[in-house]
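**Q**
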Amino acid sequence: MISISSLTVRFGGVVPIDDLNLTLDVGVNGLIGPNGAGKTTFFNVLTGFVKPVQGTVTAFGDDLLAMPHFRRIRWGLRRTFQTEQAVAELTVLENVLTVLEHSGGAKSSRRRDVVDAVEFVGLGDSLQRPVGALGAAERRLVEVARAVVGSPRLVLLDEPAAGLPDEETAALAQVIKEIPARTGALTILVDHDMALVNETCAHVAVLDFGHIIASGPTADVLNDARVMAAYLGEDIDV
Amino acid sequence: MSQTADVRLPSLLTAATPQRMIALVVVLAIALFGIPAILSTFWMKIMFEMAAYSLVTLGLGLLVGRVGIYSLCQIPLVAAGAWFSLRVHFLFDESVPFPILLLITGVLTGVLGIIIGLPALRLSGLYLALVTLMAAGAITLLLVSVKFPNGGGGFWGFDTRSASGFNSVPRPGIATGDIAFYRYTVVVVALMFLLAAWHIAGKPGRAWASLRQAEVTAISAGVNTTLYKLWAFALSAAIAGVAGGIIAAGNGVTTNQFPVEQSILLLAVVLLGGAYSLWGAIVAAFFLRVFPQLLDKQLGLPVELLTVLFGVGVLFTLMLQPKGVVQDLTNLGRLIGVKTGMIKPPVAPVVASAAVETAPVAEQVPS
Ligand SMILES: Nc1ncnc2c1ncn2[C@@H]1O[C@H](COP(=O)(O)OP(=O)(O)OP(=O)(O)O)[C@@H](O)[C@H]1O
Ligand SMILES: [Mg+2]
């Protein structure tokens, strides 16, 4: 379980996260909201790239904000990026291994763990290929493999389906749905693709101008009038 | 599933492919036996310098090619290495065996490298390069203030009898002659290249590759970015320091032998030779020490022309072949191999991914 209370982030005059309170359980949780709502900033706080001016984040009983960023990865935090960040010059295998070895996975099972994670996302045949040679969808999957290898506890996926065609999004959805069962991790999925959110998430929270305006079971939230209002003028592809 | 059953985790052993092993053995054989058999005394002196300076280019190539850090402090670190080796030599009453002396020199220069690397924790790109240039000036000033390379007994000792601005460390007993010491140097160089290869093929190499793509990539993989940046500076400096110790024993060192500006020329030849491959360091050392002599002795051209030629070379490298001359040579070798039937043509085109340029950290606001 993760619980965030009174979280506030300020960039000069901009307040992208404004007294945010939210509690989420293990499973895949959707986090939606219009462009500029503060979703990526929220992830950046959890990862340690952005320091909040106030607030606390308690994940599985631990104070996340107190840890230096590399310790958070060791603790079990994983994330993917809106602009995908798998290491282009390393192979798929090396990419996943990097996260495992730097997050303190047991040495004896390293080979097995890496191969398992890569096979889990369906890239078993591309293990030795450099990521720079892969297509967009495969690179997204490499990032997901990096996020699930070892013992993740909190997995943050920032628009993993952005720019992917429908079939590839569908394949990605199957992988995302499996993450909690495979790893026991609390997963937060940010995406503008409502079909993907609907398909993968049991619970959805809506962020608008730094506030959570709705949080609950997916079907209820997606039918909520205020959510639609927040998205007014936005492309909703349900 | 398919090919995953027999997959091995990457390491120096998996990196040691038969082709690479053959290349290593051939190059070592040429360097150890071929070159001394055919070259004159004058050119052997140049070859010694090329061997020693291949460590200097290796050290800088690691920073530039692997971590994406541009440092302009490499030449003063060689001077510092020479100085450390002289000081330790005199401190222990000239009794430290040469290999141990090199080891101590490497460690001490590595520590100095960490200090120079500290600004890299805050800066990157051009700003960092400028700060390293200032560090280079500072080291040079310090060396002048301690009257480098003069030395008498004790760490700070000053020998009035040899105030001539020249000093040297005695060569090891097994390699006192010029050819013998050249061979000794080639072996030390080979060991240093192995040390670098071991780093690259292992956990540090993957951490550095992540850092080079973007700081946020490394952080989100759990890389302790402070540790691995400083480690890169330490390794790079240690290798330069060993080169300094070798040069102090090979030719001896003089007061103005390691000018700060030469670091800029060094960066140029490292880019020209190819910073993304270890072999590129050897090509770079060729450009740095042998090429000027060829211009001067064989063609009678002014050495000043060199700066211009290197400038043009770097321009062409960056535009046409970011992997440097070493990649052109590799392609040529492959072509000859395929034409003569010695190697099979590659099945799939080799992916060119080394030139992944990264923006300075300041511009990498994670998104
Ligand atoms: N480093 C920063 N400095 C200043 N302002 C920032 C910074 N990062 C984000 N912002 C601002 O904070 C607000 C929230 O941005 P954020 O990227 O978190 O939105 P988002 O919900 O992820 O949007 P999108 O759906 O477009 O990805 C925006 O107004 C953005 O311009
Ligand atoms: Mg975003």
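Protein sequence lines, in the order shown, are assigned to chains A and B.
In terms of this note's numbering, the first sequence opens at residue 79 and continues consecutively.
In terms of this note's numbering, the second sequence opens at residue 68 and continues consecutively.
Don't be surprised by glycine CBs; every beta carbon is placed ideally from N, CA and C.
In this text the structure is predicted, and so the values were computed from the model without any measurement.
#1: Please compile the residues from chain A whose C-beta is within a distance smaller than 8 Å of the C-beta of Gln280(B).
#2: Less than 7 Å between C-beta atoms, sequence neighbours within five positions excluded: which residues of the same chain meet that for Gly132(B)?
#3: Chain B beta carbons: is any one of them nearer than 8 Å to that of Thr265(A)?
#4: With DSSP as the reference, identify every bridge partner of Leu387(B), one or two as the case may be.
#5: Using C-beta distances below 6 Å, list every residue in its chain close to Pro208(A), excluding the 5 sequence neighbours before and after it, in chain order.
#6: So, Ser287(B) versus Gln163(A), is the Cβ gap smaller than 8 Å?
#7: Could one say the Cβ of Thr134(A) lies closer than 8 Å to chain B's Cβ atoms, at least one of them?
#8: To the nearest angstrom, report how far apart Gly173(B) and Val226(A) are at their CA atoms.
#9: Would you check whether ligand 1 has a heavy atom nearer than 7 Å to the C-beta of Ala115(A)?
#10: Does any CB atom of chain A fall closer than 8 Å to the CB of Arg87(B)?
#11: Identify whether Ser69(B) lies in helix, strand or coil by the three-state DSSP scheme.
#12: If you measure beta-carbon to beta-carbon, which residues of the region 203–217 of chain B are closer than 9 Å to chain A?
#13: So is Val299(A) buried or exposed if we call it buried at 16+ other beta carbons inside 10 Å?
#14: What is the rounded straight-line gap between the Cα of Ala273(A) and the Cα of Asn113(A)?
#15: If you follow the alpha helix (DSSP H) that Gly105(A) is part of, which residue opens it and which one closes it?
#16: Give me the chain A residues within the contact set of Leu76(B), using Cβ-Cβ distance strictly less than 8 Å, ordered along the chain.
#17: Beta-carbon within less than 6 Å of Ala82(B)'s beta-carbon, same chain only, minus the 5 sequence neighbours each way: which residues are those?
#18: Could you compute how far the alpha carbon of Thr118(A) sits from the alpha carbon of Gly126(A)?
#19: For Gly133(A), does the three-state DSSP call read helix, strand or coil?
#20: Less than 8 Å between the beta carbons of Ala310(B) and Tyr137(B), yes or no?
#21: Count the other CB atoms within 10 Å of the CB of Arg273(B); is the residue buried (16 or more) or exposed (fewer)?
#22: Is it the case that the Cβ atoms of Gly192(B) and Lys296(B) are separated by a distance below 8 Å?
#23: Give a yes or no on whether the minimum CB-CB distance between Ile286(B) and chain A is below 8 Å.
#24: Which residue or residues does DSSP assign as beta-bridge partners of Ser293(A)?
#25: What's the gap between the Cα of Thr296(A) and the Cα of Asn99(A)?
#26: Just to check my reading of the structure: Val247(A) and Pro258(A) have Cβ atoms closer than 8 Å, yes? What is that Cβ distance to the nearest angstrom?
#27: Apart from the five residues on each side of it in sequence, which residues of its chain come closer than 6 Å, Cβ to Cβ, to Glu424(B)?
#28: In the DSSP assignment, the alpha helix (DSSP H) including Pro369(B) goes from what residue to what residue?
**A** In terms of the structure at hand:
#1: Taking the second sequence and counting its residues from 1, the one referred to as residue 280(B) is at position 213. Under a criterion of Cβ atoms nearer than 8 Å, the residues of chain A adjacent to Gln280(B) are, in order, Gln163, Val165, Ala166 and Glu167.
#2: Mapped onto the second sequence, residue 132(B) falls at position 65. Contacts found: Ala342 and Tyr343.
#3: Along the first sequence, one-based indexing puts residue 265(A) at 187. For Thr265(A), the answer is no, since every Cβ of chain B falls outside 8 Å of its Cβ.
#4: Reading the second sequence from its first residue, position 320 is the one you call residue 387(B). Answer is none; Leu387(B) lacks a bridge partner.
#5: For this step, residue 208(A) is matched to residue 130 along the first sequence. So the qualifying residues of the chain are Thr169.
#6: Along the second sequence, read from residue 1 onward, the residue named residue 287(B) stands at position 220. Along the first sequence, read from residue 1 onward, the residue named residue 163(A) stands at position 85. Gln163(A) sits close to Ser287(B), with the two beta carbons spaced by under 8 Å.
#7: Position 56 of the first sequence holds residue 134(A). No, Thr134(A) does not count as interfacial toward chain B.
#8: Locating residue 173(B) in the second sequence gives position 106, where the first residue counts as 1. Locating residue 226(A) in the first sequence gives position 148, where the first residue counts as 1. Each residue's alpha carbon lies about 40 Å from the other.
#9: For this step, residue 115(A) is matched to residue 37 along the first sequence. Yes - ligand 1 has a heavy atom lying nearer than 7 Å to the Cβ of Ala115(A).
#10: Working through the second sequence from its first residue, we reach residue 87(B) at position 20. Cβ-Cβ to chain A under 8 Å: no for Arg87(B).
#11: Counting from 1 along the second sequence, the entry for residue 69(B) is found at position 2. With a pLDDT of 49 at Ser69(B), under the threshold of 50, the predicted position of this residue should be treated as unreliable, and no value is reported.
#12: none
#13: Taking the first residue of the first sequence as 1, we reach residue 299(A) at position 221. Answer is buried; the Cβ neighbour count reaches 16.
#14: Position 195 of the first sequence holds residue 273(A). Position 35 of the first sequence holds residue 113(A). Their backbone Cα atoms lie some 18 Å apart in a straight line.
#15: By one-based count along the first sequence, residue 105(A) stands at place 27. Gly105(A) -> not in any alpha helix (DSSP H); beta strand (DSSP E) instead, spanning Gly105 to Ile110.
#16: Taking the second sequence and counting its residues from 1, the one referred to as residue 76(B) is at position 9. The answer, in chain order, is Leu171, Leu175, Arg188, Arg189 and Val192.
#17: Along the second sequence, one-based indexing puts residue 82(B) at 15. Cβ neighbours of Ala82(B) beyond the five flanking positions: Ala268.
#18: Along the first sequence, read from residue 1 onward, the residue named residue 118(A) stands at position 40. Along the first sequence, read from residue 1 onward, the residue named residue 126(A) stands at position 48. Cα to Cα, the separation comes out at about 12 Å.
#19: The residue you call residue 133(A) lines up with position 55 of the first sequence. It is a strand residue.
#20: On the second sequence, position 243 is the one that residue 310(B) refers to. On the second sequence, position 70 is the one that residue 137(B) refers to. Against a cut-off of 8 Å, the Cβ pair of Tyr137(B) and Ala310(B) comes out as no contact.
#21: One-based indexing of the second sequence puts residue 273(B) at position 206. With 16 or more other Cβ atoms within 10 Å, it is buried.
#22: Here residue 192(B) refers to the residue found at position 125 of the second sequence. Here residue 296(B) refers to the residue found at position 229 of the second sequence. Not closer than 8 Å, so no.
#23: One-based indexing of the second sequence puts residue 286(B) at position 219. Ile286(B) counts as touching chain A.
#24: Position 215 of the first sequence holds residue 293(A). Paired residue(s): Ala283(A).
#25: Numbered from 1 along the first sequence, position 218 holds the residue referred to as residue 296(A). Numbered from 1 along the first sequence, position 21 holds the residue referred to as residue 99(A). Rounded to the nearest angstrom, the two C-alpha atoms are 18 Å apart.
#26: Stepping through the first sequence from its first residue, residue 247(A) is reached at position 169. Stepping through the first sequence from its first residue, residue 258(A) is reached at position 180. Val is not the amino acid found at residue 247(A); the sequence shown has Thr there. The pair is not a contact, with the Cβ atoms about 19 Å apart (cut-off 8 Å).
#27: As a first step, residue 424(B) must be located in the second sequence, where it is residue number 357. For Glu424(B), the predicted structure reports a pLDDT of 37, less than 50, and the residue's modelled location is therefore unreliable. A value from the coordinates is still provided. Once the five neighbours on either side are set aside, Glu424(B) has no close Cβ partner at all.
#28: Reading the second sequence from its first residue, position 302 is the one you call residue 369(B). Segment: none, Pro369(B) is in no alpha helix (DSSP H) and carries neither H nor E.
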